[in-house]
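Residues in the sequence shown are numbered consecutively from 2, following our numbering.
Yeah, the Cβ is synthetic: ideal placement off N, Cα and C, and Gly gets one too.
These numbers come from a predicted model, not from an experiment.
Report on the structure given below.
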Amino acid sequence: MKNLINQLGFNEQFKIKANLSVSELMNHDMIYVYHHLNEGTEVELKRHSENMQGDPIFNVFYKTFLLGTVAVTGIMKSFYVGEQSVFAEISAVSKDKYLPINKLDIQLGVQSIRKAG
C-alpha cells in the first residue's frame, strides 16, 4: 500500500474531506449550546436511517444535544455505509447574536483509503 501511495504521489497524511450542510436544524436543543458551536468544534454523527437512494443519514450531536441531520452522498457514501458513529468538525456557522443558528456546515473526512479487491 505504501508503494502505491508513493507511485500515485500522495502524501501518507493524505485525507479526503467533504463539507456537508446540516439540515433540519433543531432549535429546541440549540438554545443550550449555540454559544459553544464555532469553527473547529467536534461533533458526533450517529447513524439514523437511509434515504430513498440508499444514502446513510446521520444525526448530528454536540455532546448529548441533537443539532440536526446530514445525508452522506456521492463518493463519501462508500466510506460510511457500514458506520454507526463517526466524528466530524464544524466548518462554518451562520448565526446572529442572541438568535438561533441559521446554517451549520460540517467537515467530514476519510483518513485512510480502503483496499479494493
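{"Check": "Simplified DSSP state of I6, which is helix, strand or coil", "Outcome": "Residue confidence for I6 is low, a pLDDT of 46 falling below 50, so the modelled location carries little weight; the figure read from the coordinates is stated next. I6: helix per DSSP, three-state reduction."}
{"Check": "Terminal residues of the beta strand (DSSP E) in which I91 lies", "Outcome": "86 to 96"}
{"Check": "Rounded straight-line distance, which links the Cα of L26 to that of M53", "Outcome": "21 Å"}
{"Check": "Straight-line gap, D97 to Y35 (C-alpha atoms, nearest Å)", "Outcome": "10 Å"}
{"Check": "Residue environment, A89, which counts as buried when at least 16 other CB atoms sit within 10 Å", "Outcome": "buried"}
{"Check": "Nearest candidate by alpha-carbon position, reference L100, set S50, K16, V23, Y33", "Outcome": "Y33"}
{"Check": "Ordered list of alpha helix (DSSP H) runs contained in the region 44 to 87, each at least 4 residues", "Outcome": "78 to 81"}
{"Check": "Pair within 8 Å by beta-carbon distance, N60 and T74", "Outcome": "no"}
{"Check": "L46 vs S79 beta-carbon contact at 8 Å", "Outcome": "no"}
{"Check": "Buried/exposed call for V23, threshold 16 Cβ in 10 Å", "Outcome": "buried"}
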